[in-house]
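Asker: Can you read through this structure? Questions will come right after.
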Amino acid sequence: MLQDFELEKLVEPLLEWFRGHARVLPWREEPTPYRVWVSEIMLQQTRVEAVKPYFERFTKALPDVQALAECPEDELLKLWEGLGYYNRVRNMQKAAIQVIESYGGVIPAEYEELLKLKGIGHYTAGAIASIAYGQYVPAVDGNVLRILTRATADNTDIMKQSFRSEIEQTLLAMMKQLTIPDALKKRLQGENIPGALNQAMMELGATVCVPNGAPLCGECPWQDCCLAKKEGRILELPVKSKAKARKIEKRTVLILRDGDKVAIRKRSSEGLLAGLYELPNVEGDLEPEKVLEVVKQMELVPIRIQKLAPAKHIFSHIEWHMNGYAILLEGTDMPKANNLLFVDADDASERYAIPAAFAAYAGYMNIKLGNERFEESMDSPE
252 MLQDFELEKL VEPLLEWFRG HARVLPWREE PTPYRVWVSE IMLQQTRVEA VKPYFERFTK
312 ALPDVQALAE CPEDELLKLW EGLGYYNRVR NMQKAAIQVI ESYGGVIPAE YEELLKLKGI
372 GHYTAGAIAS IAYGQYVPAV DGNVLRILTR ATADNTDIMK QSFRSEIEQT LLAMMKQLTI
432 PDALKKRLQG ENIPGALNQA MMELGATVCV PNGAPLCGEC PWQDCCLAKK EGRILELPVK
492 SKAKARKIEK RTVLILRDGD KVAIRKRSSE GLLAGLYELP NVEGDLEPEK VLEVVKQMEL
552 VPIRIQKLAP AKHIFSHIEW HMNGYAILLE GTDMPKANNL LFVDADDASE RYAIPAAFAA
612 YAGYMNIKLG NERFEESMDS PE
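Positions 252 to 633 (my numbering) are the ones given, in order, by the sequence shown.
Below is the structure:
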């Protein structure tokens with residue numbers, strides 16, 4: 252168990268290792284509370300390499316809490332486009348408004364106050380408090396759970412919230428009692444030890460004690476004290492219960508073209524992809540004849556149709572299996588029914604945040620339809 256370990260014995264080799272192996276990441280170069288917050292929210296369920304360009308673009312456009320709080324929603328969602336899980340950025344904006352109204356525009360340093368902000372849980376609060384403010388509080392993510400359960404050979408299911416809470420409380424108590432040797436303090440030269448400690452544990456899990464495949468035990472600063480390694484159980488841990496099987500939904504996506512314009516529409520303000528723009532779509536895997544009926548029910552006049560390649564998109568709990576059609580419409584005044592918005596095809600993707608779920612069909616928005624009334628398939632666009 253973690254409480255049986257002497258944290259002091261783990262800290263020195265870990266911090267020494269981190270000094271020489273920490274990745275160069277844009278949010279580490281200037282770890283202000285705002286930048287730490289933005290990076291940690293972006294990194295939820297998203298790879299580090301994928302986050303880097305989004306972080307740079309986002310913080311350049313919205314450099315502080317005030318800018319985030321005042322950003323128009325469409326612009327905010329466009330800045331986030333491609334990262335997915337859009338409620339993350341909506342909650343960030345709500346939290347920014349809270350910071351303006353309740354904290355004078357300054358992100359609070361206290362762990363308990365951070366937890367009061369919309370969308371900030373225990374991990375993110377710990378990351379901000381430790382990395383930006385140097386407080387001795389833990390930031391427990393999947394990487395930290397993995398390295399600690401392996402080091403202690405703990406076979407508790409890490410998916411249990413009660414276990415995560417137990418690890419957080421144990422780490423908190425150990426960190427508050429932590430004594431850093433003077434020699435180590437001198438070598439660290441005034442470095443933010445709580446922030447470095449949390450980042451080092453995350454880094455160790457991300458780059459050495461990896462989740463998939465064999466960990467790089469020979470490169471680990473804890474290899475001499477890791478119980479899972481000593482017991483030959485490294486690949487058995489951590490224990491992680493399987494998630495429920497994703498529900499499969501079939502959908503038919505429509506690329507509705509009227510000359511140089513293409514139809515999009517805004518989704519409901521609640522539920523999956525709430526409030527985002529999407530390509531029109533209907534439930535089911537429809538044949539061309541049925542698709543034409545659907546289009547006519549929209550009070551539109553289809554004059555040509557082409558079938559597109561199938562596509563799939565995976566959400567956390569749902570899979571969309573999609574079929575698509577490009578449909579040329581007779582040029583008329585477009586009705587307001589069905590919440591359709593006809594926009595310039597050339598810049599639709601530049602101006603509107605269209606979820607990655609429709610990425611497979613975004614390239615079809617500028618296609619030229621063929622002469623045949625029906626086609627069985629069509630090559631992917633350039």
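Built from N, CA and C at the ideal position, the CB exists for glycine as well.
Let me know the alpha helix (DSSP H) ranges lying completely inside the stretch 463–524, each 4 residues or longer, listed in chain order.
Answerer: Whole alpha helix (DSSP H) segments, 4+ residues: 478–481.
Asker: Looking at C-alpha atoms only, which residue of Pro-472, Val-340, Arg-298 is the closest neighbour of Phe-309?
Answerer: Minimum Cα distance to Phe-309 is reached at Val-340.
Asker: What first and last residue would you give for the alpha helix (DSSP H) that runs through Phe-309?
Answerer: Its alpha helix (DSSP H) spans residues 299–312.
Asker: Beta-carbon separation of Leu-551 and Leu-507 under 9 Å?
Answerer: Their beta carbons are under 9 Å apart, which means Leu-551 touches Leu-507 by this criterion.
Asker: Decide if the stretch 379–391 is in contact with the stretch 428–446; the criterion is three or more beta carbon pairs, one per stretch, under 8 Å apart.
Answerer: The answer is yes - the stretch 428–446 touches the stretch 379–391, with three or more Cβ pairs under 8 Å.
Asker: Nearest-angstrom Cα distance between Gly-271 and Ala-525?
Answerer: Approximately 43 Å between the Cα atoms of the pair.
Asker: Could you check how far apart the C-beta atoms of Leu-429 and Val-262 are, in whole angstroms? I think they sit under 8 Å.
Answerer: Their Cβ separation, rounded to whole angstroms, is 7 Å, which keeps Leu-429 and Val-262 in contact under 8 Å.
Asker: Let me check understanding here. Comparing Cα to Cα, which of Thr-375, Val-350, Asn-394, Phe-306 lies closest to Asn-463?
Answerer: When only C-alpha atoms are compared, the closest one is Asn-394.
Asker: Out of curiosity, what's the CA-to-CA distance linking Trp-268 and Val-459?
Answerer: Rounded to whole angstroms, Trp-268 to Val-459 spans 11 Å at the Cα level.
Asker: Assign Met-634 to one of three DSSP states: helix, strand, or coil.
Answerer: Past the boundaries of the shown model lies residue 634; the chain is included only from 252 to 633, so the question cannot be answered.
Asker: Comparing C-alpha positions only, which one of Met-452, Asn-574, Lys-311 sits nearest to Leu-266?
Answerer: Of the candidates Met-452, Asn-574, Lys-311, the one whose C-alpha sits nearest the C-alpha of Leu-266 is Met-452.
Asker: For the putative contact between Asn-342 and Gly-370, defined by C-beta atoms under 8 Å, what is the C-beta separation to the nearest angstrom?
Answerer: About 3 Å; that satisfies the 8 Å criterion.
Asker: Of the choices Glu-364, His-572, Val-357, whose alpha-carbon is the least far from that of Ala-611?
Answerer: Per the Cα distances, His-572.
Asker: Put Tyr-612 into one of helix, strand or coil per three-state DSSP.
Answerer: Looking at Tyr-612 - three-state DSSP - the assignment turns out to be helix.
Asker: Could you name the residues of the same chain whose beta carbon sits closer than 8 Å to that of Glu-627, not counting the 5 residues immediately before and after it, in chain order?
Answerer: The predicted position of Glu-627 is uncertain, since its pLDDT is 35 and thus under 50; no value can be drawn from it.
Asker: Checking 9 Å against the spacing of the C-beta atoms, do Ser-600 and Ala-608 come in under that value?
Answerer: Cβ distance not < 9 Å, so Ser-600 and Ala-608 don't count as in contact.
Asker: Could you check what DSSP says for Ala-596 in three-state terms: helix, strand or coil?
Answerer: In the structure shown, Ala-596 sits in coil (DSSP, three-state: anything other than H, G, I, E or B).
Asker: Let me know the secondary structure DSSP gives Asn-394 once reduced to three states.
Answerer: Of the three classes helix, strand and coil, the one that applies to Asn-394 here is helix, per DSSP.
Asker: Would the stretch 412–432 and the stretch 489–501 be scored as touching if the rule is three or more Cβ pairs under 8 Å?
Answerer: In short, these stretches do not touch, since the Cβ pair count stays below three.
Asker: Pro-472 and Met-426 look like a contact to me (Cβ under 8 Å); what is the Cβ gap, rounded to whole Å?
Answerer: Contact flag wrong, Cβ pair sits at about 18 Å.
Asker: For Ala-380 and Gly-483, what's the separation of their Cα atoms in angstroms?
Answerer: Going by the C-alpha atoms only, they are around 36 Å apart.
Asker: Going straight from the alpha carbon of Thr-403 to that of Cys-322, what length do you get?
Answerer: Their backbone Cα atoms lie some 46 Å apart in a straight line.
Asker: Return helix, strand or coil for Arg-555, following the three-state DSSP convention.
Answerer: Looking at Arg-555 - three-state DSSP - the assignment turns out to be strand.
Asker: Do you know offhand how far Glu-570's Cα is from Lys-501's?
Answerer: Each residue's alpha carbon lies about 8 Å from the other.
Asker: Which class does Val-533 belong to by DSSP, given the choice of helix, strand or coil?
Answerer: Val-533 falls in the strand class under three-state DSSP.
Asker: Taking only the alpha-carbon atoms, compute the straight-line gap between Leu-620 and Pro-561 and give it to the nearest angstrom.
Answerer: Confidence at Leu-620 is low in this model, with a pLDDT of 47, below 50, so its placement is unreliable and no value can be given for it.
Asker: Drop a sphere of 10 angstroms on the beta-carbon of Ala-577, count the other beta-carbons inside from all chains shown, and report buried for 16 or more, exposed for fewer.
Answerer: The residue in question, Ala-577, is buried, as its Cβ has 16 or more Cβ neighbours within 10 Å.
Asker: For a minimum of 4 consecutive residues, which ranges assigned as the alpha helix (DSSP H) are wholly contained in the stretch 331–368?
Answerer: With a minimum length of 4 residues, the continuous alpha helix (DSSP H) runs that stay inside the stretch 331–368 are 338–354, 362–365.
Asker: Opposite Asn-574 in the DSSP bridges: which residues?
Answerer: The partner list for Asn-574 (beta bridge, DSSP) reads Thr-503.
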